[in-house]
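Student: My questions all concern the structure below.
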């Protein structure tokens with residue numbers, strides 16, 4: 182599983198002219214799943230991603246968590262996080278989970294974030310989504326389950 186997190190002042194997702202999800206201060210999470218992901222990976226990633234301390238505290242240090250700032254999450258499925266560009270010029274996406282598996286894993290990830298107490302807005306899986314955001318910092322963090330094992 183791969184999650185790209187952007188600390189935002191606000192973010193929204195629009196599909197066919199309709200806003201499907203919008204948040205104020207919080208995390209915009211682009212979420213990619215692979216066939217090797219399972220419920221244990223999902224739980225670990227949701228916990229790690231949502232507990233990152235990347236908001237400024239009173240001293241201006243990145244010590245504040247999403248919970249500390251009462252932030253929300255906009256979660257967007259993005260299989261292209263598994264793009265393999267090592268050969269040629271056209272990316273391969275064979276490492277990304279396919280259809281039903283990817284939907285299940287993405288939905289489980291969002292359920293786990295909600296279980297942890299966060300408000301989670303989403304896009305629409307597989308849709309042509311338009312994402313608007315105001316990156317705060319900018320702060321962008323890359324998480325990969327390969328780095329969380331152990």
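Numbering (the numbering used here), first residue to last: 182 to 331.
Ideal Cβ positions, reconstructed from N, Cα and C, are used throughout, including at glycine.
On a predicted model such as this, the values are computed, not experimentally measured, just so you know.
Could you tell me which uninterrupted beta strand (DSSP E) segments, each at least 3 residues in length, are contained entirely in the segment 227-266, listed from first to last along the chain?
Tutor: 234-237, 243-246, 253-258
Student: Does residue 275 have its Cβ less than 8 Å from a Cβ in chain C?
Tutor: The structure shown contains no chain C; it is built from a single protein chain.
Student: Report the option in 301, 272, 235 whose CA atom is closest to the CA atom of residue 254.
Tutor: By 1-based counting over the chain shown, the position of residue 254 is 73. Answer by Cα proximity: 301.
Student: Nearest CA to the CA of residue 186: which residue from 205, 239, 232, 211?
Tutor: As a first step, residue 186 is located in the chain shown; it is residue number 5 there, counting from the start. Taking only the C-alpha atoms, the option nearest residue 186 is 211.
Student: Go ahead and pull the three-state DSSP assignment for residue 186.
Tutor: Along the chain shown, read from residue 1 onward, the residue named residue 186 stands at position 5. Residue state, collapsed to three classes: strand.
Student: Thinking residue 313 and residue 192 are a contact (beta carbons under 8 Å), I'd like their distance in whole angstroms, please.
Tutor: As a first step, residue 313 must be located in the chain shown, where it is residue number 132. As a first step, residue 192 must be located in the chain shown, where it is residue number 11. So it is a contact: roughly 7 Å between Cβ atoms.
Student: What would DSSP say about residue 300, mapped onto helix, strand or coil?
Tutor: Here residue 300 refers to the residue found at position 119 of the chain shown. It is coil, neither helix nor strand.
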